[in-house]
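What follows is a short report on a single structure.
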Amino acid sequence: MAASVVKAPKCPRRGSAKDLSQNAKSSEPRASNEANCNWWLLLALVFLVTCATRFYKVTEPDHICWDETHFGKMGSWYINRTFFFDVHPPLGKMLIGLSGYLTGYNGTFPFEKPGDKYNETRYQGMRYFCTVLGALIMPMGFDTVHDLTRSDEAALLSAAYLIFDVGLLTLNQYILLDPILLFFMMASVWGMVKISKTTASGGSYGLRWWFWLFFTGTMLSCTISVKFVGLFVVLLVGLHTATELWLILGDLGQPIWETVKQVACRAITLIVWPILLYILFFYIHLSVLNRSGNGDGFYSSAFQSRLIGNSLYNASMPRDVAYGSVVTIKNHKTGGGYLHSHHHLYPKGSGARQQQITTYTHKDENNKWLIKPHNKQRLPKDKLQVLKHGDIVRFEHVATRRNLHSHGEPAPVTKKHLQVTGYGELGVGDANDAWRVMIVGGKVNQTVHTVTSRLKLIHLLENCALTSSGKQLPKWGFEQQEVSCNLNVRDKNAQWNIEDNEHKLMPSVSFSVYAPGFFARFLESHAVMLQGNAGLKPKEGEVTSRPWQWPINYRGQFFSGSTYRIYLLGNPLIWWSNLVFLALFVAVFLYNAVVGQRRAGFARALAETQSQTQSEIVAQGEESEPSTTDACSCCPSPEKKPQNVLPRGANDPDPSAMSLRAAAWLFMGWVLHYLPFWAMGRVLYFHHYFPALIFNSLLTGIMFNYIMRSLPKWIQHVLLGVVLSILVFSFAAFSPLAYGMSGPLANEPNSTMHNLKWLSTWEF
């Protein structure tokens, strides 16, 4: 058979194929360099504007603002190594304390209440540290969006939405956990995107790939080590990683061993490494805070024995408890307080008007009780009788000389329980003062031991168990915890232990052998924190908010209420337009899903029709003429596109699909950081929305660029310039909220902010 020679069609372009190939190769680096130059210029602009807005007036006002009273104080405690209790993990406070220490703060300022002047205190370093971390969010957001979309416009607008939000500015300038949390959260997302980019470019197992994996794992660990809400970004990165691994598994061009290696590497860097870091942060926390402080009482007696200055540290006290012992009785549940009383009576309508009995989480002289026989008023001198399982006793409050008492009246808060009071005069009461001491799992004649014995105190006549209900008393009870008597003697909160034990006739022994190790304290710290978080309730007169109010910018929050006022409120144009673009994304995403499904169905139907037609042709024995397509031999074939990641500024083969995928992940981030708050029972504040806000702002930049992409380039740039101008103008108008206001409030006609009070719920 003679070979046929096909003449290639004449190329419509000028020059030979070789010349065109050389021109294409020489133009690629030029375009790449130009794109990289533009990227660096825009990044420098983002840095410049961010620094100009964030560091302006960063040390003003020179008094305590809002929660600086808490976190500044905790930074001081780290410097002084004084133990305290907080509902959040320790890393954020440790970093605040470290920044203060390194910038000359000596840890002596009391941080008593908002409005107190700092005077000569060197607080500036802690504010600068928080502001630096808050300022780094914007360039990371810029680069994240650029990597996701390859669009300078989308990246710039996303960064602008973050820079010109006065709410984010306010939250970033003070000694708070929020700028630290938001920094680590944004860094985690940034690292997540960098891992994807490096993997897609074929850089797996290279030095750069490993760097970004460990970087992301470190940032994830730091995020959750600042606040437990960092778990939401851990979920986001986990879902994104699982999706990538699923796609790698589906790549039939790769062996199954590749998927196994990818899973192993990511498990080490994104699971094992963050867990080890998290444990390390707690080890440092518990090692540094080794001195007794006001948070001791939230923890078990054994935990307290590791704190220098605590009454149980290297304690020598009687091992056995005896009649005549003066003891403190601690509720054995996690975070349980001490059995406590004081001279105040229950008010009318809260049971019998007898002396209040509560639990109190701080060490106090009003926590001491004298153990006496139930049927004798005086203890025999020089006679020792140890307390045993099943003994019936009376507990006399040392400070007020009234006995622990219960009767048929309902408890003040938990009405199903019976009231517990202090009753009698000078230790003389009645039969309702008798309690049976039961060791949990104890046997007849078993001796009650200090610290280690878990006890139940059963009321002899009412047959109910002394318990801490966990309910907080109103102001008349000084917001201490209710103590009641539960007719269900199996109540898990009805267990107690003797902590301090004083007796003149009993020999003392060292309690250092009962001090727990690190992992026991690590686990107890988490139990106390989680319980404390769940128990956070609004204080009387405190302004709180609900999740539905946050996205619409319904009400702000005072940071400083003196003559120099700071008010946390989002830039309304940014927040409300964020909601518009959020809705647009949902609509566009659903539309594309429907259209994509219909196209897939059409393609399947077309393929079936073609297959049927081809079968009929073959059956008839007909041969079809081969079709020819004129091809330009000098044009690169579309099948030969390079598989590596495109240079900065290069167009993605399907930029619209790329933008939608990016927006979908940011939408997922918004959902994970917002919707869970609807299910939380703890007290909530406006500032809890800001992690979700960051994802929404990045999504807005992407969706704006997605919608404008079909327009001519010059119109896109004009529209982008108009939007940026509006953002700058609105920022300038609302910036006094962050930088400080003085003079009349906005609801007064002569106020400079009067025309900006667009909602009646805004209080600036």
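The opening position of the sequence shown corresponds to residue 4 in my numbering, with each subsequent residue numbered one higher.
Ideal placement from N, C-alpha and C gives every residue a C-beta, glycine not left out.
Problem set entry | Sequence-distant residues of its chain with Cβ nearer than 6 Å to Ser-662 (five each side left out) | Thr-152, Ile-705, Tyr-709
Exercise. Between which two residues does the beta strand (DSSP E) containing Pro-510 stretch?
Worked result: Run containing Pro-510: none; DSSP gives neither H nor E here.
For this session: Drop a sphere of 10 angstroms on the beta-carbon of Gln-307, count the other beta-carbons inside from all chains shown, and report buried for 16 or more, exposed for fewer.
Result: buried
Exercise. Taking C-alpha atoms, which residue in Phe-732, Lys-478, Ile-620, Glu-247 lies nearest to Ile-577?
Worked result: Phe-732
For this session: Please report how far the alpha carbon of Val-454 lies from the alpha carbon of Ile-461, in whole angstroms.
Result: 19 Å
Problem set entry | 6 Å CB neighbourhood of Phe-217 in its chain, flanking five on each side removed | Thr-272
For this session: Evaluate Cys-40 with the Cβ neighbour count: other Cβ atoms within 10 Å of its Cβ, from every protein chain shown; 16 or more gives buried, anything less gives exposed.
Result: exposed
For this session: Output the residue ranges of the beta strand (DSSP E) runs that lie fully inside the stretch 293–331 and measure 3 residues or longer, sorted by chain position.
Result: 319–321
For this session: Within 10 angstroms of the Cβ of Pro-350, are there 16 or more other Cβ atoms? Answer buried if so, exposed if not.
Result: exposed
Exercise. DSSP on Ala-666, reduced to helix/strand/coil?
Worked result: helix
Problem set entry | Where Cys-68 falls: helix, strand or coil (DSSP) | coil
Problem set entry | Own chain, CB closer than 6 Å to Thr-124, minus 5 neighbours either side, in chain order | Phe-112
Exercise. Which residues in the same chain as Pro-64 place their Cβ atom closer than 8 Å to its Cβ, once the five residues preceding and following it in sequence are excluded?
Worked result: Ser-563, Ser-565, Tyr-567, Ile-569, Gly-743
Exercise. Helix or strand or just coil, what does DSSP make of Thr-53?
Worked result: helix
Problem set entry | CA nearest to the CA of His-335, picked from Trp-438, Asn-293, Ile-501, Ile-183 | Ile-501
Exercise. Should the stretch 245–258 be called in touch with the stretch 687–707, which here means at least 3 C-beta pairs below 8 Å?
Worked result: no
Problem set entry | Outcome for Arg-57 when other beta-carbon atoms lying within 10 angstroms are tallied against a minimum of 16 | buried
Exercise. Which of the three DSSP states, helix, strand or coil, is assigned to Gly-427?
Worked result: coil
Exercise. Enumerated in chain order, which unbroken segments of the alpha helix (DSSP H) with a length of 4 residues or greater are wholly contained in the stretch 455–538?
Worked result: 521–537
Problem set entry | DSSP three-state assignment for Tyr-286, whether helix, strand or coil | helix
For this session: Go to Val-169, then tell me how far its alpha helix (DSSP H) extends in each direction, as first and last residue.
Result: 169–175
Exercise. Taking the beta strand (DSSP E) that Tyr-570 falls in, what are its first and last residues?
Worked result: 568–571
Exercise. Fully enclosed by the stretch 177–226, which alpha helix (DSSP H) runs are 4 residues long or longer?
Worked result: 181–203
Problem set entry | DSSP beta-bridge partners of Val-440 | Leu-460
For this session: Report the residue from Asn-750, Gly-430, Gly-339 whose alpha carbon sits nearest the alpha carbon of Thr-364.
Result: Gly-339
Problem set entry | Cutoff 7 Å; reference Asn-369; Cβ partners in own chain excluding five residues on either side | His-343, Ser-344, His-345, Ala-402
Exercise. Hey, would you say His-400 sits closer than 7 Å to Ala-437, going by beta carbons?
Worked result: no
Problem set entry | With 16 other Cβ atoms within 10 Å as the buried cut-off, status of Thr-470 | buried
Exercise. If you follow the alpha helix (DSSP H) that Val-266 is part of, which residue opens it and which one closes it?
Worked result: 259–270
Problem set entry | Contact under 7 Å by Cβ, Cys-54 with Tyr-177 | no
For this session: Measure the Cβ-Cβ separation of Val-90 and Thr-147 and say whether it is below 7 Å.
Result: no
Exercise. For Gln-449, does the three-state DSSP call read helix, strand or coil?
Worked result: coil
Exercise. Starting from Pro-376 and walking both ways along the beta strand (DSSP E), at which residues does that stretch end?
Worked result: 371–376
Problem set entry | Terminal residues of the beta strand (DSSP E) in which Thr-364 lies | Element bounds for Thr-364: n/a, residue is neither H nor E.
Exercise. Which same chain residues, not among the five before or five after Ser-319, have their C-beta less than 8 Å away from its C-beta?
Worked result: Ser-511, Val-512, Ser-513, Phe-514
Exercise. Thinking C-beta only, is Gly-170 closer than 7 Å to Leu-571?
Worked result: yes
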